[in-house]
Amino acid sequence: MLSRVASGIYWMNRYIERAENDARFIEVNLNLTLDLPEETVEQWEPLIMTSGDQDLFRAQFRDATPENVIFFLAADAKNPNSILSCLYAARENARSVQEVISSEMWEQVNRFCLTVKDGVSSGLVKQNPHRFFTEVKQASHLFVGITDATMSHGEGWHFSRLGRLLERADKTSRILDVKYFFVLPSVRDVGTSLDDIQWAALLKSASALEMYRKRYGRIAPQQVAEFLILAPEFPRAIQYCLTKAADSLHGISGSETGGYQNVAEKRLGQLHAELAYAGIEEIMSGGLHEFLDRFQTKLNHVGEAIAETFFTLRPVKTTLLQQEEQ
Amino acid sequence: MGFTSYDPEGFFDEMFESVGRPRPSALRLMQKIQSLPEGELRKRQQAAEGALLAKGVTFSVYGDQAGIERIFPFDTVPRLVEVSDWDRIERGLRQRIMALNAFVDDIYHDQKILKDGVLPKELVYSSKGFLPPCMGLTPPKRIWCHVSGIDLVRDRDGTIYVLEDNLRCPSGVAYVLGNRRLMKSTFPELFDAFRVRPVDDYPSRLLETLHYLSNVPTPSAVILTPGIYNSAYFEHSFLAQQMGVELVEGSDLVVVDGSVQMRTTRGFQRVDVIYRRINDECLDPQAFSPDSVLGVPGLMEVYRQGRVALANAPGTGIADDKVIYAYVPKIIKFYLGEEPILPNVPTYICDDPQDRDYVLSNLDKLVVKVASESGGYGMMIGPYATQREREECAERIKADPRNYLAQPTLSLSRVPCIVGDHFEGRHVDLRPYILYGKDIYITPGGLTRVALTKGSLVVNSSQGGGSKDTWVLSKGAIPGGGSPDQSC
Chain A
917 MLSRVASGIY WMNRYIERAE NDARFIEVNL NLTLDLPEET VEQWEPLIMT SGDQDLFRAQ
977 FRDATPENVI FFLAADAKNP NSILSCLYAA RENARSVQEV ISSEMWEQVN RFCLTVKDGV
1037 SSGLVKQNPH RFFTEVKQAS HLFVGITDAT MSHGEGWHFS RLGRLLERAD KTSRILDVKY
1097 FFVLPSVRDV GTSLDDIQWA ALLKSASALE MYRKRYGRIA PQQVAEFLIL APEFPRAIQY
1157 CLTKAADSLH GISGSETGGY QNVAEKRLGQ LHAELAYAGI EEIMSGGLHE FLDRFQTKLN
1217 HVGEAIAETF FTLRPVKTTL LQQEEQ
Chain B
1497 MGFTSYDPEG FFDEMFESVG RPRPSALRLM QKIQSLPEGE LRKRQQAAEG ALLAKGVTFS
1557 VYGDQAGIER IFPFDTVPRL VEVSDWDRIE RGLRQRIMAL NAFVDDIYHD QKILKDGVLP
1617 KELVYSSKGF LPPCMGLTPP KRIWCHVSGI DLVRDRDGTI YVLEDNLRCP SGVAYVLGNR
1677 RLMKSTFPEL FDAFRVRPVD DYPSRLLETL HYLSNVPTPS AVILTPGIYN SAYFEHSFLA
1737 QQMGVELVEG SDLVVVDGSV QMRTTRGFQR VDVIYRRIND ECLDPQAFSP DSVLGVPGLM
1797 EVYRQGRVAL ANAPGTGIAD DKVIYAYVPK IIKFYLGEEP ILPNVPTYIC DDPQDRDYVL
1857 SNLDKLVVKV ASESGGYGMM IGPYATQRER EECAERIKAD PRNYLAQPTL SLSRVPCIVG
1917 DHFEGRHVDL RPYILYGKDI YITPGGLTRV ALTKGSLVVN SSQGGGSKDT WVLSKGAIPG
1977 GGSPDQSC
């Protein structure tokens, strides 16, 4: 497979997954607005804090009002990670690999892009955000389903899954991190129903509440973190994402899992093992936020190693950077 | 929606002889269309447009994210080409492409045609399409023009002329295939009723043509595209998908150890045939334009050594220079000893003082074209231009006569198109595609481009043109009239 094509497929999937997770981020708060007692104040600042794009936000907006945050994450063409920008980027990448993916996949990316474009220009994002973000999630799920059902599960498909799951692992870690920035009215509220409602909102936005309940029943912070980080079978849990991403990485090179043949396999293998042997008590005692922060940095290094191994045949520093920002 | 009041208005209409009288070959098609329930045709037209949008077959300015995406307009009433017309067209195109190929080969070798004085030397040397680095080059199997598109038009009296040869990177064939697919899904019942000659095998014929150029048992062929911002990118991608070959950009290719290789996730892989959709001068910055970023440094040297084949061969632009065009009848005679089957449109060459005087004093009657341009750019249509536009055109001709030519304004033939809730005649041309490999293959039909603006003669997609599915019926399948009365 052409290196450029592999990179196009990988990024197309990352961008679509990123758009879906933007929707999930915003849903954390949309869920809270529905569930919280009336007198509590909505907190939109944490979404910006965890997005990783706080500087970009500050350059444009003064206050983290609901309108500003939703616009920034969903409809802002100046934010390269907004849903709108992600879909343009996904479609551009899809266009560049159109002859390699199935035409059903291409049509879905194209339709997805048009849906988002229409949602933004028609004002649906503002008037009915619930509906808009549900549509975004569904369009993304549809794309994943179409990919699974219409594309040979060969090299291209592995690059699809690799991109999607690395992006998802990163975003699940950020959704979990939102709680760190949520302010409770007072220390006394820790462990109260208000606290529970916030944790439940996180689970809900990761589509994890029901699966969590089946596993643990009651909401408890440590167990929520355990579920979203370490659950081996929940498809949005970090551990699950890394396991399948590693499978795909080995599917691409044809090497056995458990060892490594290139720097990408090595770094992902290390990160995966670290997680596999880390108990939740250990993670919590060192600080959840700190753990998630370190994890995101290491995951970025995995992404860089993938670009270096597969996308740039003669690794050049500048090209590597370009690929990351594509 | 009916054709009862459809009026050819004195133009040659491809489907109608006169008001309410379809041509014999079109009768049954017209009846079929007319028998659709009220509103059905428009509904299907809209469905077809929706499908194009979903498939992303759109024009848009990619730099402008808010830009409106427009589909390449498609009119669902097919255009029929009569079997007898098509026979002559096919023979004429075959003859023309063989002569043009022989001409290009001669120009870059012995130049017999110049030595015999059939064609002025200066005309060739001053052409932008003439590439001195190609002198002495012999492409595989001595074929230069592997993929060509030749534009045909019909005048008021019914004569079919060759309007233009496109021998470099003619585009549009994806629309031929796309329009046919769209028609099949929009009007399946029409295909049951008529035996339309298929065009769907074009991609496999193209792949055969490309493979023929290599001596390797299983050659690796690729399409080289300038990238997603090129207006024909959809076609490059579509053809690559249909042929199952890699679509590469210049940066995917590199010359290693004397051969062209592509960068893959498993290292370098050799490429044997390149169907390139980038211009000659962009192919190789070392051989042609040093500032081109689209091409592959060192490509021409590998090509010269016969270690990679290019389709089309570089240098074919000399044969589709719009001034050289005027000499094609002589070129056919010179190389094949035959009279041209398809005539040229009479052409005045501004470089010739006598012709130039005629052109300058008849600008209001003529179409003036720029020799080195395509896509309808730089064209001045005298009868429709303002006095000022004509004066400016005259200045440009005087400043650079070699670059201009003029032709009488033809009354292009028309076909019925859906306009609102009725049919109106619109001017069309026809671009059949010709593959020259082991044999010569011509797409039955080709791309019918329609000037959708009322009265307009410009069919180019860049200037508001649309397209239609084009039907050549199988021989012996001429549909007889269902009713003795030929009106409909």
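Quick mapping for you: the protein sequence lines, in order, are chains A and B.
Numbers given in my numbering equal positions in the first sequence, counted from 1, plus 916.
Numbers given in my numbering equal positions in the second sequence, counted from 1, plus 1496.
Beta carbons: idealized from backbone N, C-alpha and C, even for Gly.
DSSP assignment within the region 1586 to 1616 of chain B yields the following whole alpha helix (DSSP H) runs of 4 residues or more, N-terminal first: 1608 to 1611. In this structure, the CA atom of residue 1125(A) is about 21 Å from the CA atom of residue 960(A). CA-CA distance, residue 1900(B) to residue 1856(B), rounds to 11 Å. The Cβ of residue 1014(A) sits closer than 7 Å to at least one Cβ of chain B.
Around residue 991(A), no beta-carbon contact reaches into chain B at under 7 Å, the shortest distance being about 11 Å. Below the 9 Å Cβ cutoff, chain A contributes no neighbours of residue 1826(B), its closest Cβ being approximately 42 Å away.
Burial check for residue 1667(B): the Cβ neighbour count within 10 Å reaches 16 or more, so the residue is buried. Listed in chain order, the non-local C-beta contacts of residue 1791(B) below 6 Å within the same chain comprise 1746, 1778, 1779, 1780 and 1781, local neighbours out to five positions each way being set aside. When 1907(B), 1805(B) and 1731(B) are compared, the shortest CA-CA separation from residue 1657(B) is found for 1907(B). The Cβ-Cβ distance between residue 1147(A) and residue 1153(A) falls below 7 Å. Cβ-Cβ separation between residue 1165(A) and residue 1180(A): approximately 6 Å, consistent with a contact (criterion under 8 Å).
Two segments are said to touch when three or more pairs of C-beta atoms, one from each, lie closer than 8 Å; by this definition the region 1056 to 1064 of chain A does not touch the region 1128 to 1135 of chain A.
A distance below 6 Å between beta-carbons, with the five flanking residues on each side excluded, links residue 1199(A) to the following residues of its chain, in chain order: 1207. DSSP, reduced to helix, strand and coil, places residue 1517(B) within a strand of the structure shown. Within its own chain, the residues whose Cβ lies closer than 7 Å to the Cβ of residue 1095(A), once the five positions on either side in sequence are excluded, are 1114, 1115 and 1118, listed in chain order. When beta bridges are read from the DSSP output, residue 1765(B) appears opposite 1758(B). In the structure shown, the three-state DSSP call for residue 1509(B) is strand. For a Cβ distance threshold of 7 Å, nothing in chain B lies close to residue 1055(A): the least Cβ distance comes to about 13 Å. When only Cα atoms are considered, residue 1661(B) and residue 1832(B) end up about 18 Å apart. Taking all protein chains shown into account, residue 1621(B) has fewer than 16 neighbouring C-beta atoms within 10 Å of its C-beta and is therefore exposed.
In the DSSP assignment, residue 1009(A) falls within the unbroken alpha helix (DSSP H) covering 999 to 1012.
Counting other Cβ atoms within 10 Å of its Cβ, residue 1500(B) stays below 16 and is therefore classed as exposed. Cβ neighbours of residue 1098(A) within its own chain (closer than 8 Å, five residues either side excluded): 959, 962 and 1114. Close partners of residue 1638(B) in chain A (Cβ separation under 8 Å) are lacking, with about 31 Å as the shortest Cβ gap. For residue 1536(B), the enclosing alpha helix (DSSP H) begins and ends at 1536 to 1551. Under a criterion of Cβ atoms nearer than 8 Å, the residues of chain A adjacent to residue 1759(B) are, in order, 918, 919, 920 and 1229. Judged by DSSP secondary structure, residue 1576(B) falls within the beta strand (DSSP E) whose first and last residues are 1570 to 1577.
Contact holds between the region 1696 to 1715 of chain B and the region 1925 to 1935 of chain B, because three or more Cβ pairs, one in each stretch, are under 8 Å apart. Residues of chain B with a Cβ closer than 8 Å to the Cβ of residue 927(A) do not exist, since the nearest Cβ in that chain sits about 13 Å away. In the three-state DSSP reduction, residue 1903(B) falls in the strand class (E or B). Within a 10 Å sphere around the beta-carbon of residue 1687(B) sit fewer than 16 other beta-carbons, which makes this residue exposed. In chain order, 1633 place their CB closer than 7 Å to the CB of residue 1800(B), counting only its own chain and leaving out the 5 sequence neighbours on each side. Inter-segment contact for the region 1664 to 1682 of chain B and the region 1597 to 1615 of chain B is absent: fewer than three beta-carbon pairs are separated by less than 8 Å. With contacts defined by Cβ atoms closer than 7 Å, residue 1596(B) and residue 1815(B) form a contacting pair. Of the residues 1020(A), 1144(A), 1069(A) and 1204(A), the one whose Cα lies closest to the Cα of residue 1167(A) is 1069(A).
Here the alpha carbons of residue 1812(B) and residue 1624(B) stand approximately 11 Å from one another.
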